[in-house]
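Order-wise, the sequence lines are chains A and B. With our numbering applied, the first sequence closes on residue 336, and no number is skipped along the way. With our numbering applied, the second sequence closes on residue 474, and no number is skipped along the way. Where is the CB? At the ideal position from N, CA and C, for every residue including glycine. Here the structure is a predicted model, which is why all the values come from computation and not from measurement. In what follows, a single structure is set out as C-alpha cells and then discussed.
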Amino acid sequence: MAVSGASQMIPVDTIELDRANPRIRKFLEMYVGEPTPEQIFLALGAGNEEESEGSSIPTFQKLKQSIITHGGIIHPVILNCQSDGTLVCIEGNTRVALYKDFLQRGVNGDWSNIPALIHSNLEDTAVHAIRLQAHLVGPRPWDPYSKAKYLHELRHIDDMPLAMIVDFCGGRQSEVTTFIDAFIDMEQYYRPVVTEDGAFDPKRFSGFAELQKPGIKKALNETGHTLTDFATWVHEGKLRPLNTVRLLPRILKNEKARTIFLKKGARAAEMALDKPEADLNLQKTPLDQLAYALNSKLAALPYEDYQSLRSDPCSATVEALIDVQNSLTEFLNNLG
Amino acid sequence: MSESVQHTRLVQAIIAQLDTDLGPLCDIMVCDDSPNPLRGERPPKLSGFIPDVYATDVPTTRVVVGEAKTEQDLETTRSHLQITAFLTYLSAMRNSLFILAVPFCCIPRGNNLLQELTRTSDTPPLIRVIDDFGLEHG
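So, in C-alpha cells, the structure goes:
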C-alpha cells in the first residue's frame, strides 16, 4: 500500500541512522552493545565497498564525490517520525551519514539541512515496502549506449570539462572517456554499416567499449583492418559474445584463427588459438579441490599482481579467468 | 635529492607539460603512476610496461605517454626496453607524443637515446625531452 509523506529540509543532526538497515546490519552485528555513530558510518562505507565496479549503483566514494560536486543530493531521503518524535532514516542512510560527516569536517558547502520526505508512525510493512522498492527494485538504470550518448552530449555539445563530468558521475575518468570514445566510434563506423536495413542495435555498444582497451585498435591497424571492418564484424555477429573483442589481437595475429574468424566468428576462432596445456597433475585434481585452490589464490593475490592484471585486460591470465567464468556460469546454469 | 623525490618531480614536470600539448588538466584524462595519482587512476599497461604518465584528450584524438628517468635509471636495459615498447605502441597512432623527463644534466643523453631508439621506425611518434623544471630541450 502506497503511503504519502511531507517534503521538507531537515537538520541532519536531528536524524538517526537506521540500525536495522539490511545493508549494514551484517557489519553492526560484529559490535558488542550499541554501535556508535562512527561505527555506523564505517559500516555504511564498508557495506558499499562490496559493490562491483560495473554496478550501476554508486559506491560510497562515488556517491561522496558526486554529492560534494553537486553541492547536495537530488533525491530526498525518506524519514519515519516515530511516536516519541525521533526521526529515523529508512532510506538514504549513506547520504545522511555523508552530510553528517561533511558538517563535522567542515567541508565547503551547506550540509546542515538535507531534503527529506517525512512519514509519521509508519508500520513495519510500509517500512519494508519502501526499502524493497528502493533497493531490490530500484530506479531503472540507463542502458550503456544511452549513458554514453548523454556523456558525449555533455562533453561535446555543452563543453562541460571532463573533470566536472567525472565528479558529477562520481565515476572514473577512464570510464567516462571510454564511454565517449566508444559512442563516437559506434556512431561513426557502426551506424553507416547498418543504415540499409535500419538494424542499429544499441546493445552492441559494449563491443565498442571493449574496442577502446589498449592494444585492440593497434592490432586492427597492424593487420591491415579498419574500424569499418570492426563495425561490420559486430554487425554480422562475428564478435558474439561481445567480450570476444578482447581476443582480437591474438586472433588477427594467428593466420589460422584469423581465417576461421572471418568465416565463422570469434568463438570458433578461439578454438584455433594456442592454449597452454594445463599441468597433468592439476587435471587429475578433483573439481572441488581446484575450486578451493582458485578461491584461495584469488583471495591471497598480492595487490601489485591485481593492479598488473587490471591494467592489462588482454593478458593471458585475464583471458583464462574469463574463460573459467564463462564455463562456470554455463555449467552452474545447467545444474539449475 | 633522493631518487624517488627526483622521480616524483620529473613526473610532475610531465603532467605540467600536458597543458601545452592536450589542453587544461580539467579537460583531459590523466593517469599517473605516482604515490598519489592526480585523479586516483594509474596508467594502463602498454606493451607489457606501465608508463609514468598516460594522457589523452576527450574524445581521444591524441595520446601522450610520459616517462620519467633519473640519471641512474636512464642507462638500464629495462629502461631502454620500456621506452622502446612505448615508442612502438605510440607509433601505431596518429598525433601521438612521447615525453621523456630527465634531470637537466641528462638532457643530451636523453635526446641521443630517443634518436637511437626511433631510428628504425617508419612512423615514429613525436618525441620531446624535458628537464625537471619542464623546460623543453632538443
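Residues of chain A with a Cβ closer than 8 Å to the Cβ of T392 (chain B) are, in chain order, T177. Runs of the beta strand (DSSP E) spanning 3 or more residues and lying entirely within the segment 419-465 of chain B occur at 433-437, in chain order. Interface with chain A (8 Å Cβ-Cβ cutoff): L382 (chain B) is included. Neighbourhood of D229 (chain A) in chain B, by CB distance below 8 Å: empty, with the nearest CB roughly 16 Å away.
Taking 7 Å as the Cβ-Cβ cut-off, the segment 213-243 of chain A approaches chain B at P214, K218, N221 and E222, given in chain order.
Between V347 (chain B) and D368 (chain B), the gap from beta carbon to beta carbon is short of 8 Å. Within chain A, no C-beta atom comes less than 7 Å from the C-beta of C441 (chain B); the nearest is roughly 32 Å away. Under DSSP, G402 (chain B) shares a beta bridge with B:V389 and B:I435.
Chain A has a Cβ within less than 8 Å of the Cβ of P395 (chain B).
Taking a beta-carbon distance threshold of 8 Å, R378 (chain B) counts as an interface residue toward chain A. DSSP links E91 (chain A) through a beta bridge to A:I78. R191 (chain A) is outside the set of residues whose beta carbon lies under 8 Å from a beta carbon in chain B. Near chain A, meaning a CB-to-CB distance below 9 Å, the residues of the segment 425-456 of chain B are Y425, A428 and M429. M365 (chain B) is bridged by DSSP to B:T392. The segment 363-379 of chain B makes contact with the segment 156-173 of chain A: 3 or more CB pairs, one atom from each, lie closer than 8 Å. The beta carbons of D393 (chain B) and L361 (chain B) sit about 11 Å from each other, so the pair does not count as a contact at 8 Å.
For a cut-off of 8 Å, the C-beta gap from V465 (chain B) to L450 (chain B) is around 7 Å, short enough to register as a contact. Within the DSSP bridge table, the entry for M160 (chain A) names no partner. Sequence-distant partners of D181 (chain A) (beyond 5 residues in either direction) whose C-beta falls short of 7 Å from its own C-beta, in its chain, are Q212. Setting aside the 5 residues that flank it on each side, S415 (chain B) is surrounded in the same chain by K405 and D409, each with a C-beta closer than 7 Å to its C-beta; the list follows chain order. Annotated three-state conformation of H128 (chain A) is helix, per DSSP. Between the segment 227-245 of chain A and the segment 265-273 of chain A, the count of C-beta pairs closer than 8 Å reaches three or more; the two stretches touch. In the DSSP annotation of this structure, the continuous segment of the beta strand (DSSP E) that includes N113 (chain A) starts and ends at N113 to S120. Interface residue (Cβ-Cβ distance to chain B less than 8 Å): I322 (chain A) is not classified as such. Residue pairing from DSSP leaves M186 (chain A) without any beta-bridge partner. F168 (chain A) is a Cβ neighbour of H70 (chain A), given a cutoff of 8 Å. For P371 (chain B), the closest of B:K381, B:H343 and B:D355 by C-alpha to C-alpha distance is B:H343. A Cβ-Cβ distance of about 5 Å is found for the pair F41 (chain A) and A97 (chain A), placing them in contact under the 8 Å criterion. DSSP places S7 (chain A) within a strand segment (E or B) once states are collapsed to three. In the DSSP assignment, L382 (chain B) forms a beta bridge with B:F385. At a cut-off of 8 Å between C-beta atoms, D388 (chain B) does not count as an interface residue with respect to chain A.
For R172 (chain A), the residues of chain B that pass the 9 Å Cβ criterion are R375, G376 and E377, in the order they occur in the chain.
In this chain, the alpha helix (DSSP H) harbouring L309 (chain A) covers Y303 to R310.
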